[in-house]
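Accompanying notes for the structure given below.
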Amino acid sequence: MADALFYFDISCPYALIASTRVEDVAKFTQATIEWRPVLLGGLYQLTSAAQGAAGSASDAMPPARRAWAAHDLERELSRYQLDVRWPAKHPMKTVDAMRLLCAVPSAHRIGLAKALYRAYWMDMQDVTSHSVLLRIARRTGLSREVLGFPLDESIFATTQWADDLRSNTQEAFEHGAFGVPTFWLQKEEKMLFGQDRLCLLEAHLSARQRNGDLESVKHINRLMPRCLRTAPENRQRTLKFWFDFSSPWSFLGYTQLQRVKRELGDSLKIEMKPFLLGALFKAVGTPVVPSQVAMPHKAAYMRQDLQDWAEYWSACSAQTYPPLPPVKLAWPDEFPIRSVIALRVALLEPAVIDCIYRAGWSHNRNISTAAGLLEVLNDAGFPGQILLDAVTTGDRAESLKAALRTNTDEAVALGFCGAPTFQIDEHLVWGQDRINVVQDLLSGWSPEKSRLKATVGAFRTSINTTDNQADAIVP
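Going by numbering that gives the first Met the number 0, the first residue of the sequence shown is number 0, and it counts up by one from there.
Here's what the structure looks like:
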């Protein structure tokens, strides 16, 4: 049995990125990862996912969200040096291509899949054409002798391959998949979604090989690909952290600021920028509480994903010297969190940000009400009543309200789609799962000029390497 499954469809550019990286994960964890073809459109149907007229999920997004997703994808493709040429008819129907992949034995599937990815995303070939598909298959060395059956039109009419594709898609759905790329850890019975979760896949596979937890994985923070790992000395930089206490993703991003600060030293200034996430969502046309309207599969995975990242960041924090506090995330009883008063207090006194975040997202304390905030602030040693009076009835109350509105209006004007959003000069990065991009930008990486490829790095060693040997290779 394979250690993990990689569910993919060649029509997805994110799965394209994953296809260029997943073999390295298998190599460096000594794991077997089986490539299993599925039909992305079939997953959309099974999960009742929103789609555009052409079958693309991104077409159903609000304009601001769609523009941001396109920019993020372009940047990710650039980071992995993938020169994609978007097909004029994207998304092309890939049912026959994926059936062909089901027909091919596992030993030959990866080579054919890579050739089909190239045909779709780089060579502008029509992968809906049977003759094109057969020509590509023959060029990868496939033949009747290799397959045990004719490599001709009969493949596309064979019920077995259609049934296998349908079965793979149903299996992925039953494992919780709602898109591709999706990874399934067989022993743990755990799903991971997205090419940007490959660091989590590698972490879990490495931990399994060590018979330990994530903290047992040496230099776990370096599993997130980077273009640059050292920054120019004495270069002053400012990182603006746009946040709202109401977002658990924002909390996770906040927990990593100190680690980023340690990497870059005193030359980095972090500016905290509170804003109203709900008002932003209304302005850009997305649900005010996305998790409450997400399809069941996605909603369930969002909760798991939060815990997965909390576990990963905790391991990173434990390996920092001196160790940073563990990242504990507990879903609050009071949700959604109403953060207006808390954000105004944060504007008045930024020192309270840590205790409010951890109260709301680590200790399940009520930060939505003045009474709940008062207890949290007093317990942390702050003059709670003075701060609350100042932001509600004090001389500065109106100016603080105006400042929060101004920040929110600026977030809308800049094209934000959520929190946390990181701003480095003119560059905007959305999501705590893009911390590696933030670190690269702060280190001097330029998306427009640099041709450096994002990699996990030469420090990667076999899990059987001794700790002393591993330390010797890591700068």
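In this text, a Cβ means the ideal position worked out from N, Cα and C, and glycines have one as well. Note that the coordinates shown come from a computational prediction; the quantities given were computed from them, not determined experimentally.
- Query: Do you know offhand how far Ala293's Cα is from Gly175's?
  - Reply: 14 Å
- Message: Given a cut-off of 8 Å on the beta-carbon distance, is the pair Leu222 and Leu441 in contact?
- Response: no
- Message: Rounded to whole angstroms, what is the Cα-Cα separation between Gly16 and Phe192?
- Response: Strictly speaking, residue 16 in this sequence is Ile, with Gly absent from that position. About 13 Å.
- Item | Proximity winner among Val428, Tyr43, Phe280, Asp23, relative to Trp241 (alpha-carbon distances) | Val428
- Item | Gly178 to Lys186 span [Cα, whole Å] | 21 Å
- Query: Could you give the distance in angstroms between the alpha-carbon of Ala402 and the alpha-carbon of Tyr356?
  - Reply: 20 Å
- Reduced DSSP category for Glu214 - H, G, I as helix; E, B as strand; rest coil: helix
- Message: With three or more C-beta pairs closer than 8 Å as the rule, is the region 431-450 touching the region 209-225?
- Response: yes
- Is it right to say Pro12 is buried, meaning 16 or more other beta carbons lie within 10 angstroms of its own, or is it exposed? buried
- Task: Assess, as a yes-or-no matter, whether the region 367-375 is touched by the region 317-330 under the definition of 3 or more beta carbon pairs within less than 8 Å.
- Result: no
- Reduced DSSP secondary structure (H/G/I, E/B, other) of Trp308: helix
- Can you check the region 337-369 for any alpha helix (DSSP H) of at least 4 residues that lies completely inside it and give the ranges in chain order? 339-347, 352-360
- Task: Going by DSSP, name the residue or residues bridged to Leu488.
- Result: There is no way to answer for residue 488, as the model of the chain reaches only from 0 to 474.
- Message: Less than 8 Å between the C-beta atoms of Ala3 and Leu276, yes or no?
- Response: no
- If you compare alpha carbons, which of Arg20, Arg343, Asn435 is closest to Glu262? Asn435
- Taking C-alpha atoms, which residue in Tyr300, Ile352, Val145 lies nearest to Phe244? Ile352
- Segment limits, beta strand (DSSP E) that includes Leu276: Per DSSP, Leu276 belongs to no beta strand (DSSP E); it is in the alpha helix (DSSP H), 276-283.
- Message: Can you give me the C-alpha to C-alpha distance between Val473 and Met60, rounded to a whole angstrom?
- Response: Confidence at Val473 is low in this model, with a pLDDT of 33, below 50, so the placement of that residue is unreliable and no value is reported for it.
- Item | alpha helix (DSSP H) segment containing Gln384, residue limits | 383-391
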